[in-house]
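In this text, residue positions in the first sequence follow UniProt numbering: the first is 1, and each later residue adds one.
The beta carbon of each residue, even a glycine, is placed where N, CA and C say it ideally should be.
Worksheet: one structure, shown below.
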Amino acid sequence: MPVARPESSDSRVIAHVDMDCFYVQVEQRKQPNLRGQPTAVVQYNNWKGGGLIAVGYEARKFGVKRSMRGDEAKEVCPQIHLVQVPVNRGKADLTVYRNAGSEVVSVLSKKGRCERASIDEVYLDLTEAAERMLAETPLERLEAINEEALKSHILGLEMDGVDVKENVRNWLVRPDADRRDKLLACGALLVAELRLQVLEETQFTCSAGIAHNKVEYTILYFISLHLCPTENKCLSISLFLGFKQILAKLASGMNKPSQQTVVPSSSVTKLLQNFPIKKMKQLGGKLGTSIQTDLAVETVGDLLQFPESKLQELYGVNTGTWLWNIARGISGDEVEERLLPKSHGAGKTFPGCSALRSIPAVENWLKELSEELSERLQSDLVKNKRIAQSLTVHASAYKSSDNDSHKKFPSKSGPLRYGTAKILEDAILLFQAGLREYLGSHNLKTSGAHDGWGITGLSVSASKIVAIPSGTRSISNYFQTQDNNDVSAKETNERFDLAGAATSFHSESEIYTEVHFTEPDESPKKEKEGSHALRKCGLVDSGTQTQQASQASIFYETEPTLARSMSQQDGFAQETKPSSSGARACSNADYNESEHSFHSGEFEHNIPKEPKTSTSKQKGRILSNEALTPEC
DNA sequence: CATTATTGGATT
DNA sequence: TAATCCAAT
C-alpha cells in the first residue's frame with residue numbers, strides 16, 4: 001500500500017527523465033542507417049512476427065503500437081524496420097539495453113541525487129543544485145539561457161501566439177516569481193544541460209519533467225503518452241482535461257521527442273481536477289478500482305470532497321492520508337539514491353503449446369537462465385563489488401488432469417551460492433521442491449513422465465544484494481548471519497580474495513575486469529553438498545544430512561570470462577542433463593523458440609551472434625527444428 | 001496458455 | 001526469512 005509521508009509546501013526540485021523509445025534508440029545508435037526510418041524493436045520472431053517492445057516515433061505515425069505483433073506492424077507500415085532483441089541461450093537478452101541505461105545514469109547522476117527507476121527512467125532530486133544556482137545567479141540577470149531550456153513547456157503558461165521562446169524566457173526569469181517557481185526555473189535550466197550532456201555522451205535523446213515532487217510527474221507521463229502520437233488523440237484528451245490551449249501547445253511540441261516540461265505548483269490543482277484517478281501511479285490496480293466504485297470517483301478532483309478521516313476509515317490510516325495528499329498534489333516521496341538495480345532476474349515464458357512438459361526440458365531451461373543470471377551476477381560483482389545473497393525460482397504451471405488446474409506454482413528461495421554450476425544446481429532443487437508441492441500427492445515418478453502438467457513460465461532471480469565496502473580484502477564478513485559454525489571465516493576467506501587478484505584488460509570496446517578467486521586446496525565437490533543449506537530447508541531429501549547453519553555460505557568457483565566456459569559447462573551439462581533422446585523426443589517444448597528460425601529478409605538481424613558453441617544448444621536446434629509445429 | 005521480461009515494493 | 005501479490009514499464 002502507498003504510505004503517506006508527512007510533507008507540505010514542498011520546495012524540492014524533482015526531475016524525471018525518460019528516454020524516448022529507448023530500445024529503438026539503442027538499435028539506431030548501433031545501426032545509424034536506421035535513424036529517421038520507421039523502426040521498432042521486436043522479440044521472438046517466430047510467432048506472428050514477434051512482439052513489439054519499443055516503437056520509434058516515425059513508426060508511430062503509421063499507427064504502429066507497442067505490443068502489436070510484428071505482422072500487424074508490417075500491415076500498417078510495410079516499410080518498418082523490425083530489429084530483433086538479441087537472443088542468447090534461447091532467450092531475449094536485454095544486456096545491451098541495461099548497459100545503455102547505465103551510460104545514461106552515469107551522466108544524469110552528476111548533478112544531484114539520482115534514482116534509477118527502471119531501465120530507461122530516472123528521478124533526480126535537483127533541489128540543492130537549484131538552490132545553489134539561485135543563490136549564485138539571480139535569474140533576472142541571467143544572460144545566456146540554454147537554447148534547450150527555452151524549448152521547455154511550462155504548464156499553465158499562456159502562449160499568446162507571438163514568440164514562444166521569448167515567452168518561456170520571460171517565465172524563467174520572471175522577477176516577480178515566487179521562490180518555488182524560481183527553483184523550478186533553475187531546475188529547467190539544469191535539466192536542459194543534463195539532457196544535452198546525455199545526448200553528447202550517449203547520442204540518446206530523452207524527455208523530462210520538472211516539478212516539486214514525484215507525483216506531479218505522473219501527469220506529464222500521462223499527457224505525453226496520450227498526446228504524443230496523433231493529432232486526434234491530442235484533441236480528445238485536451239477536451240477531456242479541459243485544457244485545450246495548454247495541452248494543444250504541449251502536443252504540438254510533442255511531435256519530436258526530446259522535450260522538457262515544467263509543472264509549476266500553480267498549475268497542479270487545475271491539472272489534477274480532471275485527471276483520471278486510475279492513471280495515478282499506484283492507483284492503476286485494485287485500489288484504484290475500489291475507489292472508483294466505492295466513492296463514485298472518476299478524477300483526482302472528485303477525491304477532494306472527501307475528508308481525510310473518511311478516506312482513512314475506508315482504506316486505512318496510511319493509504320487514507322496518502323490518498324488525501326495525492327488529491328492535492330502533495331507527496332513526500334523521496335528520490336532514493338540508487339544507481340544500481342536491487343536484484344537481477346532471468347526468466348522466460350512458454351506460452352501455449354510451448355509449455356515445458358518434462359523435467360529435462362525444465363532443467364535445460366533452468367540451465368540457460370542460471371547461466372545468464374550467473375553471468376550478470378559475476379559482472380555486477382566485478383564492476384560494482386556487490387554480492388547477491390538470495391536465489392529465487394519462480395514458475396507458473398498448469399495442471400490439465402486435475403480439475404484443480406489453476407493452482408499456483410509456489411516460488412522457492414534460499415541462499416545463493418556463486419558460480420554457474422552452483423546456481424543451476426540450487427535452482428533445480430528449488431524447482432523440484434516447488435513441483436512436489438504443486439503436484440501434491442502426485443508422485444513425480446521417473447524423470448520424463450509428464451502427468452498432465454506443464455510449465456508456462458520460469459524465472460531465476462538473485463536478490464538481497466549487498467555492497468562490499470571498498471578497501472576490504474575479504475568479503476566473508478559481509479555474508480554471514482550471526483550463526484555460522486562449520487564454514488569458518490578463514491575458510492571462506494581462502495576461497496575469495498577480491499582485491500587481491502583483480503586485474504583488468506581491454507577487449508574490443510569493452511573493458512573487462514577479471515577477478516581471480518583463490519581456489520581452496522581441496523575443492524568442495526559433491527560431498528560438500530551434504531552441508532548445503534538447502535538441505536536444512538528440507539528441499540532435498542538426503543539421509544546423510546549434515547546439520548547446517550542457515551548462513552549464506554558461498555563457494556566461489558573460478559569464473560574466467562570467455563573461452564573456459566565451454567569445457568566446464570559442458571562437463572556440468574552432461575552431469576546434470578538426466579536423459580537424452582528419449583525424454584527429449586517426447587517434448588517438443590524443449591527448445592522451441594530458438595533464435596535460428598526467422599523469416600528471411602523480414603527482420604533487421606541483430607549483429608549475427610557468434611555461434612555460441614554449447615552442446616545443449618546444438619542439440620536443441622536440431623530438436624526444435626523437427627519438433628516445431630507451424631503454430632508453435 | 002500468446003504483452004515479454006524485468007523490476008521494485010508491501011504484506012503476511 | 002520466505003512466500004505471495006501487486007504495480008509499473
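Which listed residue (the options) has its alpha carbon closest to that of residue i
{"i": "Pro351", "options": "Asn318, Asn384, Tyr398", "result": "Tyr398"}
{"i": "Ala188", "options": "Ile210, Val215, Met68, Arg169", "result": "Ile210"}
{"i": "Ser45", "options": "Ser290, Ala92, Gln31", "result": "The amino acid occupying residue 45 in the given sequence is Asn; Ser does not appear at that position. Closest option to Asn45, Cα to Cα, is Ala92."}
{"i": "Leu439", "options": "Leu416, Gly452, Ala427", "result": "Gly452"}
{"i": "residue 636", "options": "Ile455, Ser379, Arg116", "result": "This structure leaves residue 636 out entirely; the chain is present only between 1 and 632."}
{"i": "Trp47", "options": "Arg386, Gly70, Glu58, Arg328", "result": "Gly70"}
{"i": "Cys186", "options": "Ile468, Gln197, Val173, Val198", "result": "Val173"}
{"i": "Leu287", "options": "Leu311, Gln389, Ser152", "result": "Leu311"}
{"i": "Trp324", "options": "Asp333, Arg338, Pro307, Leu314", "result": "Pro307"}
{"i": "Ser9", "options": "Met280, Leu196, Val268, Val466", "result": "Val268"}
{"i": "Lys342", "options": "Leu381, Gly316, Cys353, Lys348", "result": "Leu381"}
{"i": "Arg386", "options": "Ile465, Ser358, Lys348, Thr456", "result": "Ile465"}
{"i": "Ala54", "options": "Ser358, Lys279, Val24", "result": "Val24"}
{"i": "Pro415", "options": "Arg132, Ala462, Val87, Gln432", "result": "Ala462"}
{"i": "Glu216", "options": "Arg195, Lys279, Arg169", "result": "Lys279"}
{"i": "Glu371", "options": "Gln260, Val460, Arg116, Arg98", "result": "Val460"}
{"i": "Tyr221", "options": "Ser309, Leu271, Glu193, Ala135", "result": "Leu271"}
{"i": "Gly112", "options": "Ala355, Phe431, Glu334", "result": "Glu334"}
{"i": "Ala433", "options": "Ile359, His153, Gly347", "result": "Ile359"}
{"i": "Arg132", "options": "Thr319, Gln259, Val13", "result": "Val13"}
{"i": "Ala208", "options": "Met19, Glu115, Gly471", "result": "Met19"}
{"i": "Leu150", "options": "Ala192, Glu140, Glu27", "result": "Ala192"}
Contact belief for residue i with residue j at Cβ below 8 Å, rounded distance in angstroms
{"i": "His16", "j": "Tyr123", "result": "5 Å"}
{"i": "Leu369", "j": "Leu458", "result": "6 Å"}
{"i": "Glu201", "j": "Val105", "result": "Actually they are not in contact, since the Cβ atoms of Glu201 and Val105 sit about 11 Å apart, beyond 8 Å."}
{"i": "Gly301", "j": "Gln282", "result": "Not a contact, Cβ separation roughly 18 Å."}
{"i": "Ile455", "j": "Val362", "result": "6 Å"}
Beta bridge counterpart(s) of residue i as assigned by DSSP
{"i": "Glu121", "result": "Asp18, Ser118"}
{"i": "Trp365", "result": "BP columns for Trp365 are empty, so no partner."}
{"i": "Ser461", "result": "Gly345, Thr392"}
{"i": "Gln79", "result": "DSSP output for Gln79 lists no bridge partner at all."}
{"i": "Trp453", "result": "Lys399"}
{"i": "Arg338", "result": "Glu115"}
{"i": "Lys91", "result": "Asn88"}
{"i": "Lys412", "result": "Val393"}
{"i": "Ser207", "result": "Asp18"}
{"i": "Gln197", "result": "In the DSSP output, where bridge partners are listed per residue, Gln197 has none listed."}
{"i": "His212", "result": "In DSSP, His212 forms no bridge with anything."}
{"i": "Gly51", "result": "Gln43, Arg69"}
{"i": "residue 680", "result": "The structure shown does not extend to residue 680, since the chain is modelled only from 1 to 632, so the question has no answer here."}
{"i": "Arg386", "result": "Ala467"}
{"i": "Ile154", "result": "Val262"}
{"i": "Thr127", "result": "In DSSP, Thr127 forms no bridge with anything."}
Buried versus exposed call for residue i [16 or more other C-beta atoms within 10 Å across all chains shown]
{"i": "Asp294", "result": "exposed"}
{"i": "residue 638", "result": "Here the chain has residues from 1 to 632 only, and residue 638 is not among them."}
{"i": "Lys367", "result": "buried"}
{"i": "Glu375", "result": "buried"}
{"i": "Cys206", "result": "buried"}
{"i": "Glu336", "result": "exposed"}
{"i": "Pro469", "result": "exposed"}
{"i": "Asp176", "result": "exposed"}
{"i": "Ala130", "result": "buried"}
{"i": "Lys383", "result": "exposed"}
{"i": "Arg66", "result": "exposed"}
{"i": "Gln305", "result": "exposed"}
{"i": "Ala296", "result": "exposed"}
{"i": "Cys21", "result": "buried"}
{"i": "Arg195", "result": "buried"}
{"i": "Pro78", "result": "exposed"}
{"i": "Thr321", "result": "buried"}
Please confirm if the region 67-84 is in contact with the region 25-45, defined as three or more CB-CB distances below 8 Å between the two stretches.
Result yes; three or more Cβ-Cβ pairs closer than 8 Å.
For the region 113-130 against the region 153-166, are there 3 or more C-beta pairs whose distance is under 8 Å?
These segments do not touch.
I want to know whether the region 142-150 touches the region 20-33 - three or more CB-CB distances under 8 Å.
Verdict: no, contact absent.
If you pair each beta-carbon of the region 385-395 with each one of the region 404-419, do three or more pairs fall below 8 Å?
By the criterion of at least three beta-carbon pairs nearer than 8 Å, the region 385-395 is in contact with the region 404-419.
Taking three-plus beta-carbon pairs below 8 Å as touching, is the region 261-268 in contact with the region 171-187?
Under the Cβ criterion (8 Å, minimum of three pairs), the region 261-268 counts as touching the region 171-187.
Can we say the region 327-336 touches the region 422-436, given the rule of at least three CB pairs closer than 8 Å?
By the Cβ test, the region 327-336 is not in contact with the region 422-436, since fewer than three Cβ pairs between them sit closer than 8 Å.
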